[in-house]
Ligand SMILES: Cc1cc2nc3c(=O)[nH]c(=O)nc-3n(C[C@H](O)[C@H](O)[C@H](O)COP(=O)(O)OP(=O)(O)OC[C@H]3O[C@@H](n4cnc5c(N)ncnc54)[C@H](O)[C@@H]3O)c2cc1C
């Protein structure tokens with residue numbers, strides 16, 4: 001006999017942020033969308049107002065403008081990872097290599113590029129519709145930069161792979177990249193033009209504000225419980241509830257807080273610092289540029305041009321937190337690393353200290369696949385950003401919306417082919433393994 005017990009998924013924890021992100025601090029105050037009070041109904045509830053959730057809501061609305069869609073955001077739009085990242089919407093995969101570059105690898109890389117460009121297309125459409133300035137959305141490309149021969153080789157190798165993929169790029173010498181960045185630290189660079197740079201908090205706020213009726217957004221409204229209710233679901237929040245037919249779960253690592261993808265998501269944090277403003281004449285080179293490291297665990301650096309002065313952003317360090325929370329001590333240690341990297345690159349700015357420090361959570365899977373698909377009847381996951389959520393989470397949200405509405409598209413086709421996230425080793429081996437792996441890879445990245 002079939003069991004009549006209704007399914008209940010209760011959140012064991014809610015997001016908590018580490019430090020105040022410069023991106024939010026630099027924006028004017030904004031009126032938050034009201035929190036949910038009392039009982040409401042919707043066709044679809046989206047849990048999470050980051051890249052994945054807001055992109056899913058946008059795609060649902062595009063496909064069926066009659067759908068009643070409600071987005072629940074635990075905190076304030078722009079304060080979680082989607083608004084506190086370094087702002088790179090990257091079009092090319094990090095890990096292409098020209099060695100053994102067979103047709104399978106080329107095909108996989110092309111699909112990864114297609115995923116990224118689908119995300120960039122959504123972002124570009126919103127930017128054009130909303131008339132965003134280049135301070136918010138700048139299709140300016142990015143520099144991959146190296147410090148030392150291992151990074152130089154990696155970039156040369158990467159450039160060969162880009163030739164096979166027929167992707168535009170330009171290898172640069174130490175002196176070329178010094179002309180751009182005003183620092184002589186870098187030994188070579190590779191410019192690729194397809195990356196879009198955003199002010200991430202402005203981007204994610206703007207994406208939320210572009211979602212007009214019939215999409216509703218409730219901020220400071222965490223989903224605390226999801227329970228079966230007849231043919232649909234009841235989503236409970238601290239001061240209300242919503243009955244709905246279907247759900248898109250777009251809360252990244254916090255999917256696990258509801259018991260989904262248990263022992264399949266690695267909760268990795270990374271950290272950033274941003275300086276006080278400085279007079280632009282203090283640093284030669286261009287006033288706006290963005291550089292990622294040649295080696296995977298190195299340091300991201302960005303110069304941000306402002307009306308009253310410029311700033312430098314430094315992002316580095318990765319730490320593992322199985323409880324999805326990084327404390328002040330971890331932030332302090334990451335900040336010390338940022339200062340060291342900053343001083344090494346910009347000795348001329350040694351009197352300009354950091355003004356803002358922050359960290360944020362990412363959810364990574366062992367086999368680098370998304371946590372995607374219909375995970376319960378009517379509940380669709382768009383989680384597991386794998387560290388580059390500006391593209392991967394955006395495309396994941398689009399694919400989840402399309403799958404929910406029965407659309408057959410390139411994204412649903414590509415996402416359907418991903419394996420399920422692999423199971424992580426049990427504790428304490430998981431923590432020991434994750435920490436050892438991160439420490440080893442950071443050591444490999446050396447000065448980068
Ligand atoms: C310092 C830093 C720099 C980074 N730089 C880059 C970069 O340059 N480029 C890049 O591509 N990626 C970068 N990342 C990673 C990127 O930010 C993430 O991959 C991305 O934000 C994931 O998007 P998402 O929508 O899946 O999840 P999130 O952005 O985490 O959004 C999930 C949302 O769900 C909400 N939520 C959680 N639980 C609940 C609940 N119970 N109810 C309601 N809402 C809930 C959260 O508050 C959050 O707003 C960076 C990350 C950090 C921390």
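In full-length UniProt numbering, the protein residues as written are 1 to 448.
The beta carbon of each residue, even a glycine, is placed where N, CA and C say it ideally should be.
Quick caveat, the model's predicted, so the values are computed rather than measured.
Taking 7 Å as the cut-off, is the CB of residue i close to at least one heavy atom of ligand 1?
i           : result
residue 304 : no
residue 383 : yes
residue 218 : no
residue 387 : yes
residue 117 : no
residue 14  : yes
residue 271 : yes
residue 86  : yes
residue 156 : no
residue 153 : no
residue 391 : yes
residue 251 : yes
residue 297 : no
residue 282 : no
residue 379 : no
residue 362 : yes
residue 28  : no
residue 222 : yes
residue 254 : yes
residue 74  : yes
residue 51  : yes
Is the CB-CB distance between residue i and residue j below 8 Å?
i           : j           : result
residue 215 : residue 379 : no
residue 321 : residue 276 : no
residue 295 : residue 194 : no
residue 269 : residue 360 : yes
residue 371 : residue 381 : yes
residue 80  : residue 50  : yes
residue 60  : residue 401 : yes
residue 189 : residue 56  : no
residue 30  : residue 302 : no
residue 196 : residue 77  : no
residue 287 : residue 183 : no
residue 384 : residue 234 : no
residue 207 : residue 282 : no
residue 221 : residue 14  : no
residue 237 : residue 54  : no
residue 341 : residue 299 : yes
residue 363 : residue 437 : no
residue 201 : residue 83  : yes
residue 42  : residue 223 : no
residue 356 : residue 310 : no
residue 354 : residue 445 : no
Please classify residue i: is it buried, with 16 or more other beta-carbons within 10 angstroms of its beta-carbon, or exposed?
i           : result
residue 203 : buried
residue 323 : exposed
residue 426 : exposed
residue 198 : buried
residue 397 : buried
residue 213 : exposed
residue 153 : exposed
residue 248 : buried
residue 449 : The structure shown does not extend to residue 449, since the chain is modelled only from 1 to 448, so the question has no answer here.
residue 435 : exposed
residue 218 : buried
residue 47  : buried
residue 23  : buried
residue 351 : exposed
residue 179 : exposed
residue 136 : buried
residue 100 : Note that residue 100 scores 46 on pLDDT, short of 50, meaning its location in the model is unreliable; the coordinates nonetheless yield the value given after this. Exposed is the call here.
residue 177 : buried
residue 146 : buried
residue 39  : exposed
residue 8   : exposed
residue 97  : The pLDDT assigned to residue 97 is 47, lower than 50, so where the model puts this residue is not dependable, and the model offers no usable value.
Considering only DSSP beta bridges, list what residue i is partnered with.
i           : result
residue 379 : 247 and 376
residue 449 : Because the chain spans 1 through 448 in this model, residue 449 falls outside it and cannot be assessed.
residue 310 : 278
residue 46  : 71 and 248
residue 10  : 225
residue 390 : Residue 390 pairs with nothing; no bridge assigned.
residue 330 : Beta-bridge pairing links residue 330 to no other residue.
residue 240 : 38 and 237
residue 320 : 268
residue 191 : 143 and 170
residue 197 : 88 and 138
residue 273 : 314 and 357
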